[in-house]
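For reference, each letter of the sequence shown is one residue, going 1 to 96 in the UniProt record's numbering.
We treat Cβ as the ideally placed atom computed from N, Cα and C, and that holds for glycine.
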Amino acid sequence: AKDESLRKYIERFNKEVVQVNTTDDMKRSLLERGLRPRNDFAKAVGIEKPCSLAELLVKSQAYIQYEEREMANAIRHSRPEDNPPPWESSHKGGDR
Numbered sequence: 001a002k003d004e005s006l007r008k009y010i011e012r013f014n015k016e017v018v019q020v021n022t023t024d025d026m027k028r029s030l031l032e033r034g035l036r037p038r039n040d041f042a043k044a045v046g047i048e049k050p051c052s053l054a055e056l057l058v059k060s061q062a063y064i065q066y067e068e069r070e071m072a073n074a075i076r077h078s079r080p081e082d083n084p085p086p087w088e089s090s091h092k093g094g095d096r
C-alpha cells in the first residue's frame with residue numbers, strides 16, 4: 001500500500017517470503033523493489049546496498065524506530081496547545 005508503514009511492509013514481507021522457494025539474494029531484491037519510492041529507507045538501501053537479506057532486515061529496524069519516533073513527534077506537536085487532552089484540563093485555582 002502507498003501509505004503503509006515500513007513496519008507493516010516488513011511484517012507482511014516476512015509472512016509472505018517464507019512461502020517462496022528462492023535464494024536470499026532474490027528475496028532481498030524483492031524486498032527492495034517493494035519499498036515505497038523516495039522514502040528514507042529506500043534511499044539508504046539505494047546508496048549503501050546491504051550484502052544480505054539479514055543485513056537488510058537489521059537495517060530496516062533502525063528505520064522503523066526512526067519512522068515511529070517521527071510519527072509520535074508529529075502527533076504530539078500537532079495537538080493545539082489551547083486544547084489539551086482531557087486528563088490535562090483540570091480546574092486550576094478554583095473550587096468546584
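1. In whole angstroms, what separates the C-alpha of Arg38 from that of Val17?
2. Using alpha carbons as the reference points, say which of Lys43, Met71, Arg76 lies closest to Ser60.
3. State buried or exposed for Lys27, treating a residue as buried only when at least 16 other CB atoms are found within 10 Å of its CB.
4. Taking Val45 as part of the alpha helix (DSSP H), name the residues at either end of that continuous run.
5. Is it buried or exposed for Tyr9, if we count other Cβ within 10 angstroms and need 16 for buried?
Quick answer:
1. As a first step, residue 38 must be located in the sequence shown, where it is residue number 38. As a first step, residue 17 must be located in the sequence shown, where it is residue number 17. Cα-Cα distance, rounded: 23 Å.
2. Here residue 60 corresponds to residue number 60 of the sequence shown, with the count starting at 1. It is Lys43.
3. For the purposes of this step, residue 27 is taken as the residue at position 27 of the sequence shown. Classification of Lys27: buried, given that the 10 Å Cβ count is 16 or more.
4. In the sequence shown, counting from the first residue as 1, residue 45 sits at position 45. Run containing Val45: 40–47, per the alpha helix (DSSP H) assignment.
5. The sequence position of residue 9 within the sequence shown is 9, counting from 1. Tyr9 comes out buried.
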